[in-house]
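Report on one structure; see the data block that follows.
Number of protein chains: 4
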Amino acid sequence: MAKTRVGIINVTGYAGVELARILCQHPEVQLTSVTGRSAAGQVLGDYFPHLKSTELTIEPELGEVDLAFSAMPHKESAREIMPLIDKGLNVVDISADFRLKDAADYPQWYDFTHPAPELLAKAVFGLPELHREKIKSAQLVANPGCYPTGAILALAPAVKEGLIGTDIIIDSKSGVSGAGRSLNLTTHYSEANEDTAAYALGGHRHLPEIVQELKLLNLESSLSITFIPHLVPMTRGILTTAYAPLVTGKIADGKKGEEELLNLYRDFYKDEPFVRVVASSPHTKHTWGSNYCHIHPAIDHRTGRLIAISAIDNLVKGAAGQAVQNMNLMLGLLETTGLEALAVYP
Amino acid sequence: MAKTRVGIINVTGYAGVELARILCQHPEVQLTSVTGRSAAGQVLGDYFPHLKSTELTIEPELGEVDLAFSAMPHKESAREIMPLIDKGLNVVDISADFRLKDAADYPQWYDFTHPAPELLAKAVFGLPELHREKIKSAQLVANPGCYPTGAILALAPAVKEGLIGTDIIIDSKSGVSGAGRSLNLTTHYSEANEDTAAYALGGHRHLPEIVQELKLLNLESSLSITFIPHLVPMTRGILTTAYAPLVTGKIADGKKGEEELLNLYRDFYKDEPFVRVVASSPHTKHTWGSNYCHIHPAIDHRTGRLIAISAIDNLVKGAAGQAVQNMNLMLGLLETTGLEALAVYP
Amino acid sequence: MAKTRVGIINVTGYAGVELARILCQHPEVQLTSVTGRSAAGQVLGDYFPHLKSTELTIEPELGEVDLAFSAMPHKESAREIMPLIDKGLNVVDISADFRLKDAADYPQWYDFTHPAPELLAKAVFGLPELHREKIKSAQLVANPGCYPTGAILALAPAVKEGLIGTDIIIDSKSGVSGAGRSLNLTTHYSEANEDTAAYALGGHRHLPEIVQELKLLNLESSLSITFIPHLVPMTRGILTTAYAPLVTGKIADGKKGEEELLNLYRDFYKDEPFVRVVASSPHTKHTWGSNYCHIHPAIDHRTGRLIAISAIDNLVKGAAGQAVQNMNLMLGLLETTGLEALAVYP
Amino acid sequence: MAKTRVGIINVTGYAGVELARILCQHPEVQLTSVTGRSAAGQVLGDYFPHLKSTELTIEPELGEVDLAFSAMPHKESAREIMPLIDKGLNVVDISADFRLKDAADYPQWYDFTHPAPELLAKAVFGLPELHREKIKSAQLVANPGCYPTGAILALAPAVKEGLIGTDIIIDSKSGVSGAGRSLNLTTHYSEANEDTAAYALGGHRHLPEIVQELKLLNLESSLSITFIPHLVPMTRGILTTAYAPLVTGKIADGKKGEEELLNLYRDFYKDEPFVRVVASSPHTKHTWGSNYCHIHPAIDHRTGRLIAISAIDNLVKGAAGQAVQNMNLMLGLLETTGLEALAVYP
């Protein structure tokens, strides 16, 4: 039987090329078309030497496929996807264009009027740990942002179970590849190396996603979330440290409370193939190149606060790997197919 | 006139060797004695090739000096310093042994009974921005920890002016040299490179310093501080991001409030030679190799929170540079002597 | 049918743990036993969180297996392996203990008298590109060193075809993981980061391997090889730049000569699954986490010299991946089984 | 007495901003004018926060100064400098435009016809260790390239004394800042991090400088030099490893020869304030941020080759620091003024 044909729109960015790497090794689908404007006409394996074994040529337009991934920048992605949806194609969108349910958020956060607000309701937010069943039957999946993936997974069990109050601080540290392959002084080697800095102090675009999804978990709460991203000198990885006050009386004191918390998290994620609740502080290195998310919930007993920490590879679970996980669900494949690779350590 | 003779106890760690670098270039004092147990007998400039121009030999015991720096580990440092104080020597202690005012904190946080609790009252906490006058007449100065330096400077204006409530989160990101020169798997290159992780989730030893000093700024408040340090893959630098609720009505809304806040910080530090309140998010790289602390206070208008960020070089303002700043004050020298070096960028 | 059971002696070093990662994902064999002295009794997936999915416990002694990998340090490895060979087990030795054919080389280069010189003739040097057929029927395979793998593959076609004279300079740049997981000031993060240095100027232990194997390719030549390794601040990867005078008249002038050279290399490696002769200067990053070796031969027309450059991942093609490649050959499996992973870029 | 006024043309690149850092701290000259096209009108200390203490504004055109540094790219630099020379100004040119004595080299290596060939004879190659006296009386000094500085200093004693034959291999490893501040995929963080690669295999532009200067040291020789530069993942530093056959009979065998060689190098550089002949393999880290060059000459006894290794900071001794050293000589100041800073380690 012929394999499902899949394609990547804009293979030349980091999310796109990471998708290509994973899909080239996927046993159940065949990557048959990749596009990229500036590089059109070049052989993919010449453009990206680590993909030498593929024989694809980068095309200006997507060829005939059964499912498409869009790795276009936001605003442009929606325009590429709209005709594909009309044609009945399944689509996984790596951009932010279909993540937010409220069309009014787009002018505010992304500076454009959404061209297809009717699709926002149709699109499913592609975090399988929260929306698996809907993803299975979705035509359009909005792959979550890298920061939201780490932040939501770190906090979801606590929010869902009502363990924490509404004052939440999310402090994330990201590797530089999260800023993409487009040239920029911020990501120029000599500027980013041996440097750490916060950015987007006025409000990062990933904040509304985080708020939207955490609220869905506990509709009664009116969350007050501060989210500050940081750039740290490494290529891959996001470590998210989230802080929130524990609601009194929900969790025992001392060691016992720590165990209860760990068990609550373990229970929440017990059937999740890619979430590991770990017993000590997680390292981004332990997820490098893999689709795993490592989470550790801890208690600051002095102040009665939850400290929930997650580690992911921003290009895998934070982008391309999760997109393939969504594709697997949409195609009725085993969710882990093509994503079993363990992290490359050290 | 003969220069003041100064010595370093334990020159072979990173704080010690950084002290040697600065003191070798100091125009008003002369480094005449350096000690180090394992390396005793070796020429300092052979042991550390960047110090080639000095002719000192590492000794087992401190020679005759007018002022001594101790860069010994905690617990051992107190024992080295006690006889020096008895002899009437001026001492700057880089360790934690005289930073905490309450002797009971030592068994709790450092696992030893303090051998000279009477000296805790005598010792001055060596953060010149808060205790300059006392430092000038001190015999024993307890040089602050690297994290407390960044955290206290970031929050001091806001706490002092009563701008913020008591729920404070301090999330710090440190370069690896902060963990010292002793070998450890955590700081093994292949483990620390391309990795970010939080540590000391149960409570870091620098927390009581931070609490002690911030409380002194506003005695009415009972602060509830969570402090979580992180290791990021760079050699030098600490970025501290502090979060706290703004007290209603103290600061205007919108842009106007941001300006008021910036001005309040600028005013607080207006006479400080080494603190620069900057107009955008600070980078550790801009302080690399220098004694400067860059601070930027921002407002999260959505949640009404202060976000105060500071950047320092952990080995300079966070250790050896601040120790020399304290020495300058103790000796009646111009505070900036020997510390004028600008950051080395990029 | 039961899978072949394989075991790893000393799983706790970087070669050992990388073997575990690859073998855990190998479809045709089962990793059933791993040993490690200091960590005996711990669960492998606790000790190395990226291996969480395995359920192995680190043992003090190797259990019953069909084939064993030894990742012990040299000298100790021979002693572990001797009884296994006596028992008739297949063994791949990652150490240097069976690489050199002349027992007299061991006291000179490794400072010990070889305990089983009779096994040196029996052992096969495990570079499949040169010794594939012998490896297939070997009981004991000596896995090449990381530097020799890159250096020999870069030079083999030129030596074999008599293209170059005997004056060869090999300048290698290695990532820090090549120095192992044992703690050492040289590989302490703050020392190795932002540093490049040469080492082993008096002669590196990998030199005799390189000489032995290149001589075998052209028995008439008496090679004069200088090999200098360098440590560069990255975790994985070896770039080898080899220089040698081109023999006059063997290769055309100008562009034509470059094409001839490229074709000669391509022809030499045309059936090799893991060697890619590339058309431009290779990057270690393009082999990161994979078993591929990228090679580019160039000509310095001004001086008539060959410049042959190779890039590998020192822990995969330079150690664990090549060991599994050898195992596949010994077991009659498809050579690429379990090693198909593409490099993880960026 | 008024200080000498100096200016920097194009302060916004890495060589320019490093010049600004050093000149701001120079006790005998005053930096009074800095230019930069794209950034004209901005305050220097806003553009580069580590220079906050200066009050200069970046100008479109150079103001009135006594001596000018040009940090313009090649070809453009000559055009900026020609009118300054006509006006009688002293100039230090950081670009390559006046380094080569033969005007015919410019079309070949730099792709332009030199606009002022008559100035090539007038210009002095600004390597003080070789041309100090001429620099003192020069009006126009051509500051050497970063690679040539390291390579020439490593080989000069051996070439001058006729110790080595003419077959020379120079393998250099440079930090990424050497590629400048202009954006480029090669120097994009995620591409350059965790990567090592050779470049300019067809001939790097610094080769003719190296050849020109080494030939001047031994006019009888017809050198056959291969020079291959590499990019390694660090911000600053160049390590150069040079290989050449030792002429028979010039140096003793064994340990004695090593001592003779070391002494010959030490003697050659005995009056040099910034060259340190060191007894073991040099590390770039030990020169970080300083104007020092560390050199170690070694012998490969097996092959009778010299291995000469040098380490510099490419932006200091390899660019801005050496430019200031040249300025000091031109102005009759103590050569080391403003350049005494020790390397910042670790």
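Residue numbers (the numbering used here), protein chains in the order written: chain U, 8 to 353; chain W, 8 to 353; chain H, 8 to 353; chain C, 8 to 353.
Don't be surprised by glycine CBs; every beta carbon is placed ideally from N, CA and C.
Going by beta-carbon coordinates alone, are residue i and residue j separated by less than 7 Å?
i: ALA75/H; j: LEU91/H; result: yes
i: VAL183/W; j: SER197/H; result: yes
i: SER179/C; j: PRO236/C; result: yes
i: LEU313/H; j: LEU223/H; result: no
i: GLU35/W; j: LEU349/W; result: no
i: SER317/U; j: GLY157/U; result: yes
i: VAL41/W; j: VAL24/W; result: no
i: GLY7/W; j: ARG188/W; result: Given a span of 8 to 353 for chain W in the structure shown, any question on residue 7/W remains unanswerable.
Out of the options, which one is the CA nearest neighbour of residue i?
i: PHE275/C; options: LEU137/C, ASP104/C, ALA207/C, ASP202/C; result: LEU137/C
i: LEU322/W; options: ASN17/W, ARG44/W, ARG312/W, SER297/W; result: SER297/W
i: GLU168/H; options: ALA186/H, ARG273/H, THR233/H, LEU190/H; result: ARG273/H
i: ASP278/U; options: LYS324/U, THR248/U, GLU342/U; result: GLU342/U
i: ALA3/U; options: PRO289/W, LYS10/W, ASN270/W; result: The question about residue 3/U has no answer, for chain U in this structure spans 8 to 353.
i: GLY256/H; options: ILE171/H, HIS213/H, SER181/H; result: ILE171/H
i: VAL13/H; options: ILE29/H, TYR154/H, GLY20/H, TYR21/H; result: ILE29/H
i: THR294/H; options: TYR352/H, LEU269/H, LEU336/H, PRO304/H; result: TYR352/H
i: TYR299/W; options: LEU271/W, PRO135/W, ASP174/W; result: PRO135/W
i: LEU69/C; options: MET89/C, LYS82/C, GLY43/C, THR61/C; result: GLY43/C
i: ILE176/W; options: GLY345/U, GLU265/U, VAL24/U, ALA251/U; result: ALA251/U
i: ALA205/H; options: SER189/C, ALA249/C, ALA199/C, LYS143/C; result: ALA249/C
i: VAL98/U; options: ALA46/U, VAL72/U, SER60/U; result: VAL72/U
i: ILE88/C; options: LYS143/C, HIS121/C, ARG212/C; result: HIS121/C
i: ILE159/W; options: GLN37/W, ILE302/W, GLY328/W; result: ILE302/W
i: CYS31/W; options: GLY48/W, LYS10/W, VAL285/W; result: LYS10/W
i: PRO114/W; options: LYS129/W, LYS82/W, LYS94/W, LEU126/W; result: LYS82/W
i: LEU271/H; options: ALA163/H, ALA22/H, TYR117/H, GLN49/H; result: ALA163/H
i: ARG283/W; options: GLY264/W, PRO304/W, LYS263/W, LEU190/W; result: PRO304/W
i: VAL331/C; options: THR233/C, HIS33/C, PHE119/C; result: HIS33/C
i: GLY48/W; options: ALA111/W, HIS57/W, LYS59/W, PRO67/W; result: PRO67/W
Which residues in chain C have a C-beta closer than 9 Å to the C-beta of residue i? List them in chain order.
i: TYR21/U; result: SER197
Since residue i meets chain H, which of its residues come closer than 8 Å, beta carbon to beta carbon?
i: THR242/W; result: TYR196, SER197, ASN200, GLU201
Residue i touches chain W at which residues, Cβ-Cβ below 8 Å?
i: VAL183/H; result: TYR196, SER197, ASN200
Within a Cβ cutoff of 7 Å, which residues of the same chain sit near residue i, ignoring the five residues on either side of it in sequence?
i: PHE132/H; result: ARG106, HIS138, ALA149, PRO151, GLU220
i: SER84/H; result: SER77, ASP100, SER102, ASP104
i: PRO80/U; result: SER102
i: ASP307/U; result: ILE314
i: THR242/C; result: GLY182, VAL183, SER184
i: ALA110/W; result: HIS121, PRO124, LEU127
Determine the chain H residues that contact residue i at a beta-carbon separation under 9 Å, and present them in chain order.
i: GLU347/U; result: GLN32, SER60
Against residue i, what residues of chain H qualify as contacts under a CB-to-CB distance less than 7 Å, listed in chain order?
i: VAL285/U; result: PRO56
Quick test of your reading: residue i and residue j, contact by CB under 8 Å. State the CB separation rounded to the nearest angstrom.
i: THR291/H; j: ILE245/H; result: 7 Å
i: VAL355/C; j: THR39/H; result: Residue 355/C is absent from the model: chain C starts at 8 and stops at 353.
i: ILE217/W; j: PRO155/W; result: 5 Å
Starting from residue i, find everything on chain C with Cβ-Cβ shorter than 8 Å and list it in chain order.
i: LEU322/H; result: Here the premise fails: no neighbours, minimum Cβ distance about 13 Å.
i: HIS301/W; result: PRO56
Please list, in chain order, the chain U residues whose beta carbon lies closer than 8 Å to that of residue i.
i: GLY296/H; result: GLY296, VAL351
Leaving out the 5 sequence neighbours to the left and right, which residues in its chain are closer than 6 Å to residue i when beta-carbon positions are compared?
i: LEU63/C; result: VAL41, LEU51
Along chain U, which residues have their Cβ under 9 Å away from the Cβ of residue i?
i: LEU192/C; result: ARG188, LEU190
i: VAL24/H; result: TYR352, PRO353
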